[in-house]
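Only one structure is covered here, and it is reproduced in the block below.
Number of protein chains: 2
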Amino acid sequence: MGKEFELIRRITEKFSLNSFVHVGPGDDAAVLDIEGTSIAIATDMMVENVHFKTNWLTPIELGQRIVAQNFADIVAMSATPIAITACVSAPSNTEPTWFEALAVGMQAECDLVGASVVGGDLSTSKEITISVTALGLLSNSPVVRSGAGPDQVVALAGTLGYSAAGLACLQFGHSAPKKFVENFRVPKPPYHAGMASGTSATAMIDISDGLISDALHIASQSQVEIHLDAAAIAPEPELESLASALSQEALSWILNGGEEHSLLATFEAGRSLPEGFRPIGHTRAGTPGVYMGGILQEPNGFTHF
Amino acid sequence: MGKEFELIRRITEKFSLNSFVHVGPGDDAAVLDIEGTSIAIATDMMVENVHFKTNWLTPIELGQRIVAQNFADIVAMSATPIAITACVSAPSNTEPTWFEALAVGMQAECDLVGASVVGGDLSTSKEITISVTALGLLSNSPVVRSGAGPDQVVALAGTLGYSAAGLACLQFGHSAPKKFVENFRVPKPPYHAGMASGTSATAMIDISDGLISDALHIASQSQVEIHLDAAAIAPEPELESLASALSQEALSWILNGGEEHSLLATFEAGRSLPEGFRPIGHTRAGTPGVYMGGILQEPNGFTHF
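Structure follows, in C-alpha cells:
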C-alpha cells in the first residue's frame, strides 16, 4: 500500500496548480472554482483481469459499476454528479451490442442522480479498459478529508464488507448470496447521504481501499486519532456464516474490503446526522492513526504497484 | 470508417442529456452550461501497440502527446484549456521513473496554455493505456461543427501531413527527418489560433482523423459543400521527397493523415482571419461533401472497429 501511495506522491509532485484549483490531487475529487462556479472532478478506471473478469459482470453491470465508482468520489465531496465522459478500449472483435449494453449501464447509473454521458473515446486493445471522468456541482464548500477535528462523531453511510464478500464468492465460483455478489458487481454508493451532508460533515471519504485504509486518510490529513466502535461495525450474521463457509474472515472484509463505496464522514458531536449516516466511532486529539478496542489498526487493502 | 461512426451513433443513442448540456456528444468537445459558466469537456485515449509503440516515444513525449490531443479538441470549440485528469495503466514492473516522466510531459503540455493536472487513477495492465479528460473555459459561444454557411472561407491553422509522414518514418525504422517524426511524437496544435477564433469562426474542427474525413464532418453537420484549393494544400518539397523515398504518396498524407491536430475552420467571406489561419478553400450551398478540383473526395482515415 505504502509503495503505491509513494508512487502517487512522486507523480503529483510534478504538477503545478493554477488559480482555478481549489482542491488539488489527494482528495476523493479535485475541486475547481471557475468564475464563481464550484466543480468537483474525479476519475477512475477499470481494467479486465485486474478489477474484474468478463464472466463476473454483464456489460450493463460494468457500465453501472464504473460510473458508481466515480460518482462515489463526487458525492464524497458533497457534490451532485452532473456529467461523465468515458474512454473504452476492447478487443477488435467485440460486438456492437456489448458497447450498447455498456452504454445502457452507464446511463442507468447516471439516471440515479440526473447526470449525463456527454462524451467519450473508443479504441481497440487486448484487454478491456474503461476510464470514466465525472463532474459534480457544489452548492457549498467541498467536504475534504482534512476537515475533521478532535472529539467529533465518525459516521458511516452504506454497507461494509459486502463487496469483498461478493468478490470472494465469485473467486470461489459462486454467484450467491446475491446480496453480496450484486454489491460487488454494482456498488450502491449512498449518493443522497453524501449530497445531503455538505453543510454538516467536517470531513468525508469514499471507502474504496477499505475502511481502515480510508479512515487513515482522514486521520492523517486531519491530524486526529480515529477510534472505531467494534460493536457498531461487527459483521452481520449472514456475512459471518458466509465467511466461515469460505474459510475467510468476515472482520477482514469489514475492515479491509475495498470497492465498497460507502461513505465515511465526521460530524461535530451532538449534531444530528444526515439521513443514511449512523455513528461508528469518534475522533480524538493525538497522533494520526485508526484504532479499534484501543489497538492501532494497520491498513491491508489492495495495491497495484 | 463508416462502421466506427455507426457504432458511436448506436452508443450515443443510449444517452439522454440533462439541462446542463449545451453541446452533447458528436462535436470535438461537449459543452456544459453550469450556473452561467460555460465549460468544454473532451476525452481521448492512447493504447500501446494501437496508437504507439514504446520504442517510438519517450514517456515525456507520451505525456505531452495525450494532453495535446485533448487540448486540440478543447481549442477546436474556441475554449481555453484549464485542467485535465488522467487514467494510466501499465505493466506492474513499470519503473516509478516512467510514471514521473509521463507526469513531466503532461505538465509541460499543460504549461503551454496554463492548465493543471488535477486528478488521476493508476492501474496495472498488460499494455499501457492512457486516458485523459480535459476541461476548457469558454468566454464566448462554442464554435461547433454545424455552424458553417455557404460561400464562406475554409481556413487551416497548423500543418498537414507531418504526423502521417513521421509515423511512416518510424514504421520504416527511421527517426528522421526530425520535423515530421517530432510532429508525430508530439503534435503541435495551434492552441492560440483556436482560442482566438471564438468570435469569428463559424465552424471549427480538430484534424484528428484526416483532412478529408474531418472536413466532411463540417460539411455534413453544416449541410454545405466544402471545396479545397489543391494549390493551397499541395505538399511541400520536403514532404514530397520523403514520400518518394519511402514509396508513399505525399498527397495521401495531406488528405488522409490522422493525428495532425491542426484546426480546420470556416469564416465569413471578407473577414480577416485570426492569426495562424490561412485560407485553403471555400464552402458552397449544395449536397454535403468535400471536393478538390471539382472531384468528390472519399475519406480514408484510420478506423478502430
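Respectively, the protein sequence lines represent chains A and B.
Following the numbering used here, the numbering of the first sequence begins with 1 at its first residue and continues without gaps.
Following the numbering used here, the numbering of the second sequence begins with 306 at its first residue and continues without gaps.
Just so it is clear, CB atoms sit at the ideal spot from N, CA and C, and this is done for glycine as well.
Predicted, not measured: the structure shown is a model, and the values here were computed from it.
- Residues of chain B whose Cβ lies closer than 7 angstroms to the Cβ of residue 11 of chain A are, in chain order, 404, 405 and 408.
- Going by DSSP, residue 192 of chain A is part of the alpha helix (DSSP H) stretching over 191-196.
- Between the C-alpha atoms of residue 139 of chain A and residue 39 of chain A there is a straight-line separation of about 9 angstroms.
- When secondary structure is reduced to three states using DSSP, residue 433 of chain B falls in the coil class, being assigned neither helix nor strand.
- Judged by DSSP in its simplified three-state form, residue 378 of chain B adopts helix.
- Under the DSSP assignment, residue 237 of chain A falls outside any beta strand (DSSP E), being part of the alpha helix (DSSP H) whose first and last residues are 237-245.
- Under DSSP, residue 87 of chain A shares a beta bridge with A:121 and A:131.
- Assignment of beta-bridge partners to residue 343 of chain B by DSSP yields B:338 and B:443.
- Secondary structure at residue 332 of chain B: strand, using DSSP grouped into helix, strand and coil.
- Rounded to whole angstroms, the gap between the alpha carbons of residue 200 of chain A and residue 274 of chain A is 8 angstroms.
- Pairing residue 156 of chain A with residue 284 of chain A gives a Cβ-Cβ distance that is not under 8 angstroms.
- Look at the beta carbons and you see the stretch 560-571 of chain B touching the stretch 454-469 of chain B: at least three pairs across the two are nearer than 8 angstroms.
- Only buried fits residue 198 of chain A, as 16 or more other CB atoms lie within 10 angstroms of its CB.
- Look at residue 482 of chain B: its C-beta is not under 8 angstroms from any C-beta on chain A.
- If you look at residue 176 of chain A, you'll find it isn't in any beta strand (DSSP E); DSSP assigns it neither H nor E.
- Per DSSP, the beta bridge partners of residue 573 of chain B are B:457.
- The C-beta separation of residue 44 of chain A from residue 70 of chain A comes to about 5 angstroms, placing the pair in contact by the 8 angstroms criterion.
- Not a single CB atom of chain A sits nearer than 8 angstroms to the CB of residue 529 of chain B.
- Assigned with DSSP and collapsed to three states, residue 10 of chain A falls in helix.
- In terms of beta-carbon proximity, residue 538 of chain B stays away from the interface with chain A, with every pair separated by 8 angstroms or more.
- The straight-line gap separating the alpha-carbon atoms of residue 105 of chain A and residue 59 of chain A is approximately 7 angstroms.
- Going by DSSP, residue 228 of chain A is part of the beta strand (DSSP E) stretching over 225-228.
- It is roughly 26 angstroms from the alpha-carbon of residue 61 of chain A to the alpha-carbon of residue 236 of chain A.
- Scanning chain A for C-beta atoms nearer than 9 angstroms to the C-beta of residue 412 of chain B yields 14, 15 and 16, reported in chain order.
- Nearest to residue 338 of chain B by C-alpha distance, out of A:88, A:110, A:191 and A:118, is A:118.
- Nearest in C-alpha terms to residue 12 of chain A, of all of B:427, B:547 and B:483, is B:427.
- Only residues of its own chain outside the window of five on either side were considered, and among them 465, 466, 538 and 540 have a CB closer than 6 angstroms to the CB of residue 559 of chain B, listed in chain order.
- Scanning chain B for C-beta atoms nearer than 8 angstroms to the C-beta of residue 229 of chain A yields nothing, as the closest lies near 32 angstroms away.
- Assignment of residue 254 of chain A by DSSP, reduced to helix, strand and coil, places it in the helix class.
- Taken atom to atom, the span from the alpha-carbon of residue 94 of chain A to that of residue 280 of chain A is near 45 angstroms.
- A contact between stretches requires three or more CB pairs, one per stretch, nearer than 8 angstroms, and the stretch 527-534 of chain B meets this requirement with the stretch 450-458 of chain B.
- Of all alpha-carbon atoms in A:179, A:153 and A:187, the one lying nearest the alpha-carbon of residue 229 of chain A is that of A:153.
- In the DSSP assignment, residue 280 of chain A falls within the unbroken beta strand (DSSP E) covering 277-284.
- Using a C-beta cut-off of 8 angstroms, the stretch 204-214 of chain A makes contact with the stretch 71-85 of chain A, since at least three inter-stretch Cβ pairs fall below that distance.
- Of all residues in the stretch 125-138 of chain A, those with a C-beta nearer than 8 angstroms to a C-beta of chain B are 125, 126, 127, 129, 131, 133, 135 and 137, reading in chain order.
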